[in-house]
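Beneath this line is the structure, given in structure tokens, with notes to follow.
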Amino acid sequence: MRRLFFLLILLSPCSLFAEDGSQLWLRYTPVDKHMVQQRTISLQAKDQTAQLAKQELEKYWRGSSISLRLDKKIKKLRDGYQIKGDGTGVEVVAAKPAGLLYAAYHLLRLQETETDIEHLDIEEIPDYDIRILNHWDNLDRTVERGYAGYSLWKWDELPKQLSPRYEQYARANASIGINATVLNNVNASPQILTADYLEKVKALADVFRKYGIKVYLSANFSSPKVLDGLSDSDPLRKEVQDWWKAKVKEIYQHIPDFGGFLVKANSEGQPGPQDYGRTHADGANMLADALKPYGGLVMWRAFVYNPTEEDRAKQAYQEFVPLDGEFRDNVIIQIKNGPVDFQPREPFTPLFGAMKNTAQMIEFQITQEYLGFSNHLAYLAPLFKEALDADTYSEGKGSTVARVTDGSIFKGKRTAISAVANIGEDMNWTGHHFAQANWYAFGRLAWNHQLSSEDIANEWIRQTFTNAANFVTPVRQLMMDSREAVVDYMMPLGLHHIFAFDHHYGPEPWGDRKGGRPDWMPWYYHNADTIGLGFDRTATGSNAVSQYYPPLDSIYGNMASCPENLLLWFHHVPWTHTMKSGRTLWAELCVHYDRGVQCVRTFQKTWDKLEPYVDTQRFKEVQSKLKIQAKDAVWWKDACLLYFQTFSKMPIPYELERPTHELEELKKIKLNMKQHN
Ligand code: GCW
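Sequential numbering from 250 applies to the sequence shown in my numbering.
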């Protein structure tokens, strides 16, 4: 029996470890005693974060001796670091303890990806001061748009019991430079600010601190009224202001390094200053004043839109640009990457760079609300980079979204970057093993937005799976193709928001609800008719193009110059319009949907061939998810093409795969997916 066991181990080395994905990209194996005797890790600092850097290296570092040093004078490093190595030893210097910890993870990353760890000359300074995850976790442990099980935060057990996953979470974040987290949903329960919950929040903050992570909370604007029975929550009333001051004081008594508040106000039914005839600036400033003495920040969201005649894509700009310059210096406006809502592809929100006297930050969505939940493999670094690299032209050419938010153009402000987390209590944290890569990619880009998507994928694959080139190369290609595949089979050429109502999983281009908000209906966005398809946002339509700086307004505004991947975002295009390929719009649309489906089939083929390189559990789990994705891709393609065909009345090009569904059948599908699944 025993012999058989050893034989099995020899034959399948992968099965030595439980490979349920819980280790994420952190698969370091401890060095043996012999190695420990050969090299030293020295540190002259008592700080617990610096000590942690030392411990991580002591346990896992296989290279030469390292000296870790803090030098507060090298301010330019912020929480970055310098690493120098000549083969005989490594010197690490940082201005802050967290810098030493990040350097330790940098070294371990080099080691795990089989990069040279002896000859080093590195200086890393993060692009953003605050690199923050937004959890949309509710206090009942459901997660809004969460697809990896219930919330990690076990509120009923806190503060007494601390799940070991809290520390693992903090370590994973620190390993990619994330230094802040908002624990609760922006659709915030006022309860989070009660004394009981603050005790629980404190317990989490105490775990995270060592890893350099600050805690923030989403605040419900009506908290004074709801929690303490004030007659209202009018930000200009002294009693309300005093309430917040007292509350903030209480928070800092528990959590001296509390980061601040994230606020969704007057959006999708949430309360806000406009309930009292006040502006977003009035609301944000009141909170900012309460936080100011402690160094706290307000991240005030610009995700606002009302069911008016006005194009939803224009409303954030219209609401916020007139308030430019009215916000306190500890307020940052948090803006979604696209003007509608985390779609598979959107242009960047024109608000970026349009408020020159107000700090701005971007909000991405790591959780795949609109990209197939945790069922579809979609590597999002290319999406994040597309937004960050987009040129706003706000201060002339080169004013990319990254540069108007990272302090290089608008100086002197605290800078931040955020993303909605995809983390839950699933063993593998994110539902899909490959969705871990999106958490990873956000962290890496928040640290350095110049990194390429390929390089990030490369690092992640090597640390998460194996360094074997026969695995790394095809998987990297698969990841690089994956976001565009989703765009192709869901909504190519600038189509957007044609999802099934509420849960946003499947296709429902026909969707309509009597009496429902038009801007929650697919027809509002695709405008299919006998003439063509798409949303006219030019001067003859909603004129959303006018919110972009020249020359973008005319580039987007002109059908001939508008990038084809955004064509139907900005134009209502005739079915017979000739595209760059020479095909009609209709034929081009068909080709894209088909390409998306074919791409997922290729992913399946690629993955199946890689079985020898992957442990059984992860191999099978990814394989199953790819099957779902392949079926869903066909579902999307058939639903959209058969539905749009009722308007175009043109044949699907005969060389393409034929539909396998009936439209009427597809219209009957009602998925039982609650919003909070
Ligand atoms: O996209 C919408 C989501 C809501 C979310 C909202 C927001 C938290 O469907 O679930 O609410 O965006 O970003 O506030």
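Where is the CB? At the ideal position from N, CA and C, for every residue including glycine.
Who pairs with Val794 in a beta bridge, going by DSSP?
-> The beta-bridge partner set that DSSP reports for Val794 is empty.
For Leu301, which of helix, strand or coil comes out of DSSP?
-> helix
When DSSP labels each residue in this structure, what does Val280 get in the three-state scheme?
-> coil
Distance between Glu367 and Gly933 (C-alpha atoms, nearest Å) = Residue 933 is absent from the structure shown; the chain starts at 250 and stops at 926.
Count the other C-beta atoms from every protein chain shown that fall within 10 angstroms of the C-beta of Pro420, then say buried if there are 16 or more, exposed otherwise.
-> Correcting the residue identity first, residue 420 is Arg in this sequence and not Pro. By the neighbour-count rule (16 or more Cβ atoms within 10 Å), Arg420 is buried.
Would you identify the three-state DSSP class for Asp269, choosing helix, strand or coil?
-> coil
Reducing DSSP to helix, strand and coil, say where Glu911 ends up.
-> coil
Could you pull out every residue in the same chain whose Cβ sits closer than 8 angstroms to the Cβ of Thr362, ignoring the five residues on either side in sequence?
-> Asn707, Glu708, Arg711, Gln712, Asn716
Shortest alpha-carbon distance to Trp835 belongs to which of Val846, Cys848, His821?
-> His821
Buried or exposed: Gly426, going by 16 or more other Cβ atoms within 10 Å of its Cβ?
-> buried
Spatial neighbours of Asp802 in its chain, beta-carbon cut-off 7 angstroms, leaving aside the 5 residues before and after = Val794, Ser795
Name, in chain order, the residues that DSSP records as bridge partners for Gln614.
-> Val669
Could you check what DSSP says for Ala684 in three-state terms: helix, strand or coil?
-> helix
Helix, strand or coil at Gly228 [DSSP, three-state] = This structure cannot speak to residue 228, because the chain is shown only from 250 to 926.
Roughly how many angstroms separate the alpha carbons of Gln847 and Val883, rounded to a whole number?
-> 9 angstroms
Distance between Gln272 and Arg251 (C-alpha atoms, nearest Å) | In this predicted model, Arg251 has a pLDDT of only 44, less than 50, meaning its place in the structure is not dependable; the value taken from the coordinates is given anyway. Rounded to the nearest angstrom, the two C-alpha atoms are 28 angstroms apart.
Compute every distance between the C-beta of Trp385 and the non-hydrogen atoms of the ligand GCW, then say whether any falls below 7 angstroms.
-> yes
Measure how close the beta-carbons of Asp879 and Val849 come, nearest whole angstrom, since I'm counting them as under 8 angstroms.
-> Looking at the sequence provided, one finds Ala at residue 879 rather than Asp. That belief holds up - the Cβ atoms of Ala879 and Val849 are roughly 5 angstroms apart, short of 8 angstroms.
For Arg762, which of helix, strand or coil comes out of DSSP?
-> Residue state, collapsed to three classes: coil.
Rounded C-alpha distance that separates Ala299 from Ala353 | If you draw a straight line from the Cα of Ala299 to the Cα of Ala353, it is about 10 angstroms long.
Would you kindly work out how many angstroms separate the C-alpha atoms of Val464 and Gly544, rounded to a whole number?
-> 13 angstroms
To the nearest angstrom, report how far apart Tyr862 and Pro599 are at their CA atoms.
-> 45 angstroms
8 angstroms Cβ cutoff met for Gln490 and Met548 | no
Could you have a look at Glu393 and say whether DSSP puts it in helix, strand or coil?
-> coil
Exposed unless 16 or more other CB atoms sit within 10 angstroms - verdict on Glu904 = Exposure of Glu904 is indicated by the presence of fewer than 16 other C-beta atoms within 10 angstroms of its C-beta.
Would you say the beta carbon of Val435 comes nearer than 7 angstroms to a heavy atom of the ligand GCW?
-> yes
Reduced DSSP secondary structure (H/G/I, E/B, other) of Lys463 | strand
Report yes if the C-beta of Asp590 is less than 7 angstroms from at least one heavy atom of the ligand GCW; otherwise report no.
-> Yes, the Cβ of Asp590 comes within 7 angstroms of a heavy atom of the ligand GCW.
Determine the DSSP secondary structure at Asn579, reduced to helix, strand or coil.
-> coil
Where Ile901 and Cys839 are concerned, what is the direct C-alpha to C-alpha distance, given to the nearest angstrom?
-> 6 angstroms
For Gln609, the residue or residues it bridges with in DSSP = For Gln609, which the question treats as bridged, DSSP gives the partners Ile582.
For Leu359 and Tyr330, believed in contact at Cβ under 8 angstroms, the rounded distance = That belief does not hold up - the Cβ atoms of Tyr330 and Leu359 are roughly 13 angstroms apart, past 8 angstroms.
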